[in-house]
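**Q** My questions all concern the structure below.
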Amino acid sequence: GAVVSQHPSRVICKSGTSVKIECRSLDFQATTMFWYRQFPKKSLMLMATSNEGSKATYEQGVEKDKFLINHASLTLSTLTVTSAHPEDSSFYICSAGQTVNTEAFFGQGTRLTVV
Amino acid sequence: AQSVTQPDIHITVSEGASLELRCNYSYGATPYLFWYVQSPGQGLQLLLKYFSGDTLVQGIKGFEAEFKRSQSSFNLRKPSVHWSDAAEYFCAVGAEVLTGGGNKLTFGTGTQLKVEL
Chain A
215 GAVVSQHPSR VICKSGTSVK IECRSLDFQA TTMFWYRQFP KKSLMLMATS NEGSKATYEQ
275 GVEKDKFLIN HASLTLSTLT VTSAHPEDSS FYICSAGQTV NTEAFFGQGT RLTVV
Chain B
9 AQSVTQPDIH ITVSEGASLE LRCNYSYGAT PYLFWYVQSP GQGLQLLLKY FSGDTLVQGI
69 KGFEAEFKRS QSSFNLRKPS VHWSDAAEYF CAVGAEVLTG GGNKLTFGTG TQLKVEL
């Protein structure tokens, strides 16, 4: 149980285009989803927290207009990187939580390369 | 605001030797603590977690960690390291969310473990 699937696992896009990353909880209802970003050889930084049906809460320094997060259902959240640039190249990973103050479960991550 | 310090960026141990990875945290309340392992190009695998109760926590792959409130530490240990344990290890502290599920994590900078055969 508690499987989170992230798609795609790898994506290469051209500079200026937008890319959508999906995060799905396969066997539970995720009331909250978290999006993290990991730069090469660096730690993971929380970008935003989203609750189903509500606007995402972004961490300080994260551009909400660039990183659009939609949590339309209890099993799906999407992160759209708009007008991507090479500096947006990174590893993006989501996690999903079901119950208050229990662990959140991580997806496999998406490697985004902007060329 | 919570924070996590992993003072060792790289650690090299011989296969079969014991291992201890250090983690210190800063958090205003009772912390939720985690250790994750990440292989190159891969996602995160949860090794163990501490939410409450027994301060010595057993995890997968023979790992354990001990929560020491007085030292604000949650060090990861393994009595005998295998070559397949070579990876990046992240300690994390979880903050409560007001609504919904799970908790949002603050990660340490990671410790890269190299295992010599």
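Taken in sequence, the protein lines are chains A and B.
Using the working numbering, read the first sequence as starting at 215 and increasing by one per residue.
Using the working numbering, read the second sequence as starting at 9 and increasing by one per residue.
Beta carbons: idealized from backbone N, C-alpha and C, even for Gly.
If you're wondering where the values come from, they're calculated on a predicted model, not measured in any experiment.
By how many angstroms is the C-alpha of Arg85 (chain B) removed from the C-alpha of Phe42 (chain B)?
**A** Taking the first residue of the second sequence as 1, we reach residue 42 (chain B) at position 34. Taking the first residue of the second sequence as 1, we reach residue 85 (chain B) at position 77. Phe42 (chain B) and Arg85 (chain B): Cα-Cα distance of roughly 13 Å.
**Q** In this structure, does DSSP put Gln17 (chain B) in helix, strand or coil?
**A** Along the second sequence, one-based indexing puts residue 17 (chain B) at 9. Per the sequence shown, residue 17 (chain B) should be read as Ile rather than Gln. The answer is coil: DSSP assigns Ile17 (chain B) none of H, G, I, E or B.
**Q** Taking the beta carbon of Ala37 (chain B) as the centre, do at least 16 other beta carbons fall within 10 Å, making it buried, or is it exposed?
**A** One-based indexing of the second sequence puts residue 37 (chain B) at position 29. Ala37 (chain B) is exposed by the Cβ-count criterion.
**Q** Counting C-beta neighbours from all protein chains within 10 Å, is the total for Thr292 (chain A) 16 or more, i.e. buried, or is it exposed?
**A** Here residue 292 (chain A) corresponds to residue number 78 of the first sequence, with the count starting at 1. With 16 or more Cβ atoms within 10 Å of its Cβ, Thr292 (chain A) is classed as buried.
**Q** Taking just the CA atoms, how far does Val89 (chain B) sit from Tyr44 (chain B)?
**A** As a position in the second sequence, residue 44 (chain B) is number 36, starting the count at 1. As a position in the second sequence, residue 89 (chain B) is number 81, starting the count at 1. A direct Cα-Cα distance of roughly 16 Å separates Tyr44 (chain B) from Val89 (chain B).
**Q** Just how far apart, CA to CA, sit Phe242 (chain A) and Ala318 (chain A)?
**A** Along the first sequence, one-based indexing puts residue 242 (chain A) at 28. Along the first sequence, one-based indexing puts residue 318 (chain A) at 104. Going by the C-alpha atoms only, they are around 11 Å apart.
**Q** Which partner residues of Tyr40 (chain B) appear in the DSSP bridge assignment?
**A** On the second sequence, position 32 is the one that residue 40 (chain B) refers to. BP columns for Tyr40 (chain B) point to B:Gly102.
**Q** Between the segment 286-303 of chain A and the segment 215-232 of chain A, do at least 3 Cβ pairs fall closer than 8 Å?
**A** Judged by pairs of C-beta atoms under 8 Å, the segment 286-303 of chain A touches the segment 215-232 of chain A, as three or more such pairs exist.
**Q** Which residues in the same chain have their Cβ closer than 6 Å to the Cβ of Gln252 (chain A), if we skip the five residues on either side of it in sequence?
**A** Residue mapping note: residue 252 (chain A) aligns to position 38 of the first sequence, counting from 1. If the five residues before and after Gln252 (chain A) are omitted, its C-beta is found closer than 6 Å to the C-beta atoms of Leu258, Phe305, all from its own chain and listed in chain order.
**Q** Under the rule that 16 or more other beta-carbon atoms within 10 Å means buried, what is Ile68 (chain B), buried or exposed?
**A** Walking along the second sequence from the start, residue 68 (chain B) turns up at place 60. That one is exposed.
**Q** Suppose only complete runs of 3+ residues qualify. What are the beta strand (DSSP E) ranges in the segment 44-118 of chain B, listed by chain order?
**A** Counting whole runs of 3 or more residues, the segment 44-118 of chain B contains the beta strand (DSSP E) stretches 52-58, 64-66, 72-76, 81-86, 95-103, 112-115.
**Q** Which term fits Trp249 (chain A), buried or exposed, when burial requires 16 or more other beta carbons within 10 angstroms of its beta carbon?
**A** One-based indexing of the first sequence puts residue 249 (chain A) at position 35. So Trp249 (chain A) ends up on the buried side.
**Q** Just to confirm before moving on: does the CB-CB distance between Phe98 (chain B) and Phe75 (chain B) stay below 8 Å?
**A** Stepping through the second sequence from its first residue, residue 98 (chain B) is reached at position 90. Stepping through the second sequence from its first residue, residue 75 (chain B) is reached at position 67. Taking 8 Å as the Cβ cut-off, Phe98 (chain B) and Phe75 (chain B) do not qualify as a contacting pair.
**Q** Check the Cβ-Cβ distances between Phe320 (chain A) and every residue of chain B, and say whether any is below 8 Å.
**A** Taking the first sequence and counting its residues from 1, the one referred to as residue 320 (chain A) is at position 106. For Phe320 (chain A), the answer is yes, since a Cβ of chain B falls inside 8 Å of its Cβ.
**Q** Would Pro87 (chain B) and Ser26 (chain B) be called neighbours here (beta carbons separated by less than 8 Å)?
**A** Against the second sequence, residue 87 (chain B) aligns to sequence position 79. Against the second sequence, residue 26 (chain B) aligns to sequence position 18. Result yes, Cβ atoms of Pro87 (chain B) and Ser26 (chain B) sit closer than 8 Å.
**Q** Going by alpha carbons, who is nearest to Gln50 (chain B) out of A:Ser223, A:Ala310, A:Asn265, A:Ser287?
**A** Translated into positions along the second sequence, residue 50 (chain B) becomes position 42. Selected option, being the one with the closest Cα: A:Ser223.
**Q** How far does the beta strand (DSSP E) with His285 (chain A) in it reach, from first residue to last?
**A** Position 71 of the first sequence holds residue 285 (chain A). Note, His285 (chain A): beta strand (DSSP E), 281-287.
**Q** Does the beta carbon of Asn83 (chain B) come closer than 8 Å to any beta carbon on chain A?
**A** Residue numbering aside, residue 83 (chain B) sits at position 75 when the second sequence is read from its first letter. No, its Cβ sits nowhere closer than 8 Å to a Cβ of chain A.
**Q** Using a Cβ-Cβ cut-off of less than 7 Å, give me the residues of the segment 253-282 of chain A that come near chain B, in sequence order.
**A** Ser257, Leu258, Leu260, Thr263, Asn265
**Q** Using a Cβ-Cβ distance cut-off of 8 Å, determine whether Phe71 (chain B) contacts chain A.
**A** Counted from its first residue, the second sequence places residue 71 (chain B) at position 63. No, because no Cβ of chain A sits closer than 8 Å to the Cβ of Phe71 (chain B).
**Q** Establish whether the CB of Phe75 (chain B) and some CB of chain A are separated by less than 8 Å.
**A** Position 67 of the second sequence, counted from the first residue, corresponds to residue 75 (chain B). With its beta carbon at least 8 Å from every one in chain A, Phe75 (chain B) lies outside the interface.
**Q** To the nearest angstrom, how far is the alpha carbon of Ser79 (chain B) from that of Gln10 (chain B)?
**A** Taking the second sequence and counting its residues from 1, the one referred to as residue 79 (chain B) is at position 71. Taking the second sequence and counting its residues from 1, the one referred to as residue 10 (chain B) is at position 2. According to the sequence shown, residue 79 (chain B) is Gln rather than Ser. Between Gln79 (chain B) and Gln10 (chain B), the C-alpha separation is close to 15 Å.
**Q** Quick check: the Cα distance between Thr245 (chain A) and Ser309 (chain A), rounded to an integer number of angstroms?
**A** By one-based count along the first sequence, residue 245 (chain A) stands at place 31. By one-based count along the first sequence, residue 309 (chain A) stands at place 95. Taking the straight line from one Cα to the other gives about 11 Å.
**Q** Applying a beta-carbon distance threshold of less than 8 Å, which residues of chain A neighbour Lys57 (chain B)?
**A** The count along the second sequence starts at 1 and reaches residue 57 (chain B) at position 49. Ordered by position in chain A, the residues that pass the 8 Å Cβ test against Lys57 (chain B) are Glu317.
**Q** If Leu113 (chain B) and Leu260 (chain A) are in contact, beta carbons under 8 Å, what's the gap, nearest whole angstrom?
**A** Position 105 of the second sequence, counted from the start, is the residue given in the question as residue 113 (chain B). Position 46 of the first sequence, counted from the start, is the residue given in the question as residue 260 (chain A). So it is a contact: roughly 7 Å between Cβ atoms.
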